[in-house]
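In this note's numbering, the protein residues as written are 155 to 283. To start, the structure under review is shown below, and the notes come after it.
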């Protein structure tokens, strides 16, 4: 399953939105979700929360072989590195790394903004739900 995720942030209200869409190999939508998150510090934080929520959502839907795709290259790079992340979102990155063990296979890869458009739209919608 391909799991696309994204996060959006309203800086003034510190409200974040998360969008997740899961598709099968034919591109058919298997599940989708928009989530609202309060008291978000910055855009890096909401995108890190988004990948964690995407993993949890895919796992609870019963998917065991996933390709996670997001357009936040720094988050993707951090998840794929083996060394400790000492940044302010390091604990979120660590949680994401732990969650990959919930799957038989889990690939985390970067996709362009254009390739992540539906997840981005869901994240924007998540700001208002």
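Glycine included, C-beta positions come from ideal geometry on N, C-alpha and C.
Would residue 163 and residue 203 qualify as a contact pair, given that the criterion is a beta-carbon distance under 8 Å?
Taking 8 Å as the Cβ cut-off, residue 163 and residue 203 do not qualify as a contacting pair.
Among 180, 227, 206, which has the Cα closest to the Cα of residue 254?
206
Using a Cβ-Cβ cutoff of less than 6 Å, which residues in the same chain neighbour residue 218 once the five nearest sequence positions on both sides are dropped?
257, 258
May I have the straight-line CA-CA distance separating residue 250 from residue 235, to the nearest angstrom?
12 Å
I want to know whether the region 219-232 touches the region 258-275 - three or more CB-CB distances under 8 Å.
Yes, since at least three Cβ pairs between the region 219-232 and the region 258-275 fall closer than 8 Å, the two stretches touch.
Looking at residue 221: is its Cβ nearer than 8 Å to the Cβ of residue 156?
yes
Among 182, 211, 244, 245, whose alpha-carbon lies nearest the alpha-carbon of residue 173?
211
What's the C-alpha gap between residue 179 and residue 197?
Their backbone Cα atoms lie some 30 Å apart in a straight line.
Which value, in whole angstroms, describes the spacing of the CA atoms of residue 168 and residue 186?
Roughly 23 Å between the two C-alpha positions.
Could you have a look at residue 281 and say whether DSSP puts it in helix, strand or coil?
coil
Just verifying my parser: in three-state terms, what is the DSSP assignment at residue 257?
In the structure shown, residue 257 adopts coil according to DSSP, grouped into three states.
What does DSSP give as the partner residues of residue 191 in its beta bridges?
170
Once you ignore the five residues that flank residue 247 on each side, which residues in its own chain have a CB closer than 8 Å to its CB?
Only 202, 229, 232, 233, 239, 241 meet the Cβ criterion.
For residue 282 and residue 190, I'd like the C-alpha separation in whole angstroms.
7 Å
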